[in-house]
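Student:
In the working numbering, the protein residues as written are 205 to 446.
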């Protein structure tokens with residue numbers, strides 16, 4: 205509604221989603237996915253009228269088998285499957301998910317390849333920086349070769365503290381090395397930020413998390429951002445800051 209081109213849902217653990225039951229909610233006009241146990245917890249709710257063509261289902265997963273089982277449950281009701289390979293939280297890493305996949309490239313490749321070969325919708329991955337620029341580029345290229353339709357780079361390492369500045373200068377080598385779209389993530393709060401990272405790196409777009417939670421109207425800045433990128437924004441235009 206605010207103007208985002210794509211919308212990522214919160215990370216859902218694949219095994220949980222795989223066991224869900226799909227129900228059409230006529231009263232709300234949504235498609236709901238409930239756990240199949242007696243607790244009947246709501247795991248995912250989609251509104252295809254509003255979200256069609258834009259909704260990305262983000263999975264936390266450690267194996268291709270679990271990833272495919274979960275993706276098949278929602279394949280008809282979302283527009284893309286994204287594999288979270290950047291979460292540094294203890295729960296994710298201990299389970300072989302999130303940032304643990306950065307150290308297990310074989311598993312990461314198998315997950316992406318299996319989904320790309322067996323789904324009718326695109327698959328993507330969100331990663332963080334590895335120990336060196338060369339390792340990050342190699343991992344990103346492996347994701348592309350496995351079939352990823354796009355890649356998001358969170359420009360911090362898994363062990364970086366939340367308050368540490370994102371390393372914007374690390375993005376361009378990734379963009380230059382890949383032929384698929386690369387999205388930037390990390391410390392972008394204004395339309396001016398969006399335009400700056402695009403000019404510096406040539407990235408295809410930006411993915412924002414905390415800024416969107418603080419102010420969902422940030423996506424209304426998209427036309428101004430594009431004008432800045434194209435050099436057509438007027439000097440007196442408002443919208444560079446939230």
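Beta carbons are placed, not taken as given, at the ideal position from N, Cα and C, and that holds for glycine.
Computed from a predicted structure; not experimentally measured.
Let's see if you can read the secondary structure: which residues bound the alpha helix (DSSP H) around residue 304?
Tutor: Careful: residue 304 lies outside any alpha helix (DSSP H) and carries neither H nor E.
Student: Report the residue ranges of all alpha helix (DSSP H) runs contained in full by the region 384-423; include only those spanning at least 4 residues, in chain order.
Tutor: Within the region 384-423, the complete alpha helix (DSSP H) runs of at least 4 residues are 395-405 and 414-418.
Student: Determine the DSSP secondary structure at residue 443, reduced to helix, strand or coil.
Tutor: Per-residue confidence for residue 443 stands at a pLDDT of 40, beneath the threshold of 50, marking its modelled position as unreliable; no derived number is given.
Student: Select from 337, 353, 267 and 328 the residue whose C-alpha is nearest the C-alpha of residue 299.
Tutor: Here the closest residue by C-alpha is 267.
Student: In the DSSP assignment, find the unbroken alpha helix (DSSP H) run with residue 380 in it and report its ends.
Tutor: Per DSSP, residue 380 belongs to the alpha helix (DSSP H) from 375-381.
Student: My guess is that residue 290 and residue 332 are in contact by the Cβ rule of under 8 Å, so how many angstroms apart are they, rounded?
Tutor: At roughly 4 Å, the Cβ-Cβ gap stays under 8 Å, so residue 290 and residue 332 are in contact.
Student: Quick one: grab the DSSP three-state call for residue 328.
Tutor: Strand.
Student: Report yes or no: do three or more beta-carbon pairs, one from the region 266-280 and one from the region 219-226, lie closer than 8 Å?
Tutor: Cβ pair count under 8 Å is three or more, so yes.
Student: Please work out which residues of its chain come closer than 6 Å, Cβ to Cβ, to residue 254, disregarding the five sequence neighbours upstream and downstream, and give them in chain order.
Tutor: If we look at residue 254 and ignore the five residues flanking it on each side, it has no Cβ neighbours.
Student: Give the list of continuous alpha helix (DSSP H) stretches no shorter than 4 residues that lie fully inside the region 272-320.
Tutor: Those alpha helix (DSSP H) runs which fall completely within the region 272-320 and span 4+ residues are 294-298.
Student: To the nearest angstrom, report how far apart residue 250 and residue 236 are at their CA atoms.
Tutor: Distance between the alpha carbons of residue 250 and residue 236: 7 Å.
Student: Examine the Cβ distances between the region 341-354 and the region 309-322 and report whether three or more of them are shorter than 8 Å.
Tutor: These segments touch.
Student: Here's the rule I'm using: 16 or more other beta-carbon atoms within 10 Å means buried, otherwise exposed. How should residue 358 be labelled?
Tutor: Residue 358 is buried by the Cβ-count criterion.
Student: Can you give me the Cβ contacts of residue 247 inside the same chain, cut-off strictly under 8 Å, excluding the 5 residues immediately before and after it?
Tutor: Same-chain partners within the cutoff: 216, 220, 221, 224, 237, 238 and 239.
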